[in-house]
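If you count the sequence shown from 1, you need to add 486 to reach the working numbering. For glycine and all other residues, C-beta sits at the position ideal for the given N, C-alpha and C. Keep in mind it's a predicted model, so treat the numbers as computed, not measured. A short worksheet on the structure shown next.
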Amino acid sequence: MNVISPEAHSADDSLPRLEQLADISQQLLARARALGATQAEVSCSEERGLDVNVRLGEVETVESTRDRGIAVTVYFGQRKGSASTADLQPASLESTVAQACAIARHTEDDEAAGLADPELMAREFPDLDSWHPWALQADQAVDLALACEAAGREADPRISNSDGASASTATSLSVYANSHGFIGRDRSSHHSVGCALIAGQGDGMQRDGWYSSALAREDLEDAASIGRRAAERTLARLNPRSMATAQMPVLYSPGSRALADRPPAGCGVRRGAVPPCQLPARQRGHAAVPGLVRDRGAAAAAPWPAFDRVRW
Numbered sequence: 487m488n489v490i491s492p493e494a495h496s497a498d499d500s501l502p503r504l505e506q507l508a509d510i511s512q513q514l515l516a517r518a519r520a521l522g523a524t525q526a527e528v529s530c531s532e533e534r535g536l537d538v539n540v541r542l543g544e545v546e547t548v549e550s551t552r553d554r555g556i557a558v559t560v561y562f563g564q565r566k567g568s569a570s571t572a573d574l575q576p577a578s579l580e581s582t583v584a585q586a587c588a589i590a591r592h593t594e595d596d597e598a599a600g601l602a603d604p605e606l607m608a609r610e611f612p613d614l615d616s617w618h619p620w621a622l623q624a625d626q627a628v629d630l631a632l633a634c635e636a637a638g639r640e641a642d643p644r645i646s647n648s649d650g651a652s653a654s655t656a657t658s659l660s661v662y663a664n665s666h667g668f669i670g671r672d673r674s675s676h677h678s679v680g681c682a683l684i685a686g687q688g689d690g691m692q693r694d695g696w697y698s699s700a701l702a703r704e705d706l707e708d709a710a711s712i713g714r715r716a717a718e719r720t721l722a723r724l725n726p727r728s729m730a731t732a733q734m735p736v737l738y739s740p741g742s743r744a745l746a747d748r749p750p751a752g753c754g755v756r757r758g759a760v761p762p763c764q765l766p767a768r769q770r771g772h773a774a775v776p777g778l779v780r781d782r783g784a785a786a787a788a789p790w791p792a793f794d795r796v797r798w
């Protein structure tokens with residue numbers, strides 16, 4: 487069982503940083519108005535993350551990222567100009583607004599250019615429960631990735647090689663504001679652990695993997711179970727056989743969720759897991775297709791119990 491460190495939330499300075507981005511957005515809007523823009527909008531973002539990759543028990547990469555960006559769009563009537571920067575120094579911010587205004591003055595009118603009407607701006611901002619930062623250190627991430635890969639490689643002697651394992655965590659802050667007086671703030675987190683393995687020898691080798699991704703650390707699968715699941719999926723690919731042309735049920739693994747998320751009109755679908763309304767908000771949209779329930783009979787009857795049935 488992987489335990490969250492007690493420091494995971496103690497050093498959370500996201501709200502002051504979010505307010506700093508909000509202040510910058512208001513300064514840029516004021517500058518755009520001073521330069522003659524009839525409308526303007528500003529997007530500010532900041533991302534921080536840690537990404538670790540290992541292979542065959544050795545560390546391959548450890549990458550720590552800190553990215554930020556400011557994008558300004560101005561409108562002079564129906565003429566539009568945009569510019570961006572990653573430099574938060576006042577001189578750079580002023581230059582970015584000036585560049586956007588200069589571009590707008592030299593563009594043609596576009597009847598579709600401009601902000602949405604003020605009455606269409608959002609007034610309520612529900613809590614989406616998307617902020618769950620994880621103070622994951624590089625050595626902890628390495629240990630997670632190594633444990634994941636080791637569990638997969640040791641699951642079965644037919645696992646002959648590894649394509650590697652990874653562990654990552656990231657947070658994102660964003661602010662959008664415009665000259666209608668709208669300002670929206672958002673912060674979110676994302677964490678993942680994954681592994682890819684190779685089974686078999688020679689021309690019979692097969693590759694597959696598994697990963698767990700969640701907004702909150704406690705919703706991730708255990709690293710060892712991810713490795714074992716990767717091994718199961720890889721082994722299931724060994725010795726493929728051709729089949730005769732026929733009409734029959736189509737089985738998709740849970741990893742093919744994107745296919746079942748967009749079924750054609752008129753098809754009947756049974757898709758796995760608890761109805762989304764019964765899940766925590768941070769899990770909704772990640773575990774099941776809204777309004778669809780598990781076809782327990784199909785799963786029990788199939789030789790692949792983790793698969794879900796889609797009837798076309």
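Secondary structure of residue i, DSSP reduced to three states
i, result
"THR731", "coil"
"SER665", "coil"
"ALA636", "helix"
"ARG565", "strand"
"THR655", "strand"
"GLY650", "strand"
"ASP694", "strand"
"ALA700", "strand"
"SER616", "coil"
Residue i, enclosing alpha helix (DSSP H) - first and last residue
i, result
"ARG673", "Run containing ARG673: none in the alpha helix (DSSP H); it sits in the beta strand (DSSP E), 669 to 685."
"GLN506", "500 to 520"
"ARG723", "No alpha helix (DSSP H) holds ARG723; DSSP gives it neither H nor E."
"ARG591", "576 to 591"
8 Å CB neighbourhood of residue i in its chain, flanking five on each side removed
i, result
"ALA624", "LEU536, VAL538, VAL548, SER550"
"LEU546", "Sequence inspection shows Glu at residue 546; the Leu mentioned does not correspond to that position. Here the set comprises ASN539, VAL540, GLY650."
"ALA751", "With a pLDDT of only 41 at ALA751, under the threshold of 50, the placement of this residue in the model should not be trusted; the figure read from the coordinates follows. No residues qualify anywhere along the chain."
"GLY563", "THR524, ASP595"
Given residue i as reference, the closest of the options once Cα atoms are compared
i, options, result
"HIS677", "GLU544, GLN564, TRP617, PRO604", "TRP617"
"GLU718", "TYR662, ALA516, ARG644, ALA656", "ARG644"
"VAL709", "VAL679, ASP595, PRO726, LEU724", "Residue identity check: residue 709 is Ala in the sequence provided, not Val. With distances taken between Cα atoms, ALA709 lies closest to VAL679."
"GLU532", "PRO726, ARG723, SER675", "SER675"
"GLY522", "ALA584, PRO604, ARG503", "ALA584"
"GLY695", "PRO612, LEU721, ARG565", "LEU721"
"GLU527", "LEU614, GLU597, ILE510", "ILE510"
"PRO821", "GLY563, ALA633, SER658, ARG673", "Given that the chain is displayed from residue 487 to residue 798, the structure contains no residue 821 and the question cannot be resolved."
"ASP603", "ASN664, ARG534, SER728", "ASN664"
"ALA682", "CYS634, ASP498, ALA627", "CYS634"
Endpoints, the beta strand (DSSP E) within which residue i is located
i, result
"GLU544", "544 to 562"
"GLN525", "525 to 541"
"LEU737", "736 to 738"
Whole-number beta carbon distance between residue j and residue i, since they are thought to touch under 8 Å
i, j, result
"ALA685", "SER646", "6 Å"
"ALA572", "GLY555", "5 Å"
"LEU601", "GLN512", "No, LEU601 and GLN512 are not in contact; Cβ-Cβ is about 16 Å, not under 8 Å."
"LEU504", "ARG609", "In fact, because the Cβ distance is near 19 Å, the residues do not count as touching under 8 Å."
"VAL806", "LEU514", "What is shown of the chain runs 487 to 798, which leaves residue 806 out entirely."
"PRO656", "ARG534", "Inspection of the sequence shows that residue 656 is occupied by Ala rather than by Pro. ALA656 to ARG534, Cβ: 7 Å. Contact."
Same chain only: Cβ atoms within 6 Å of residue i, ignoring 5 sequence neighbours per side
i, result
"MET607", "HIS666, PHE668"
"ALA641", "ARG714, ALA717"
"SER529", "ALA557, TYR662"
"ALA518", "ALA526, VAL560, VAL583"
"GLU605", "none"
Close beta carbons around residue i, own chain, < 7 Å, minus the five adjacent residues each side
i, result
"PRO726", "none"
"ALA586", "VAL558, THR559, VAL560, GLY567, SER568, ALA569"
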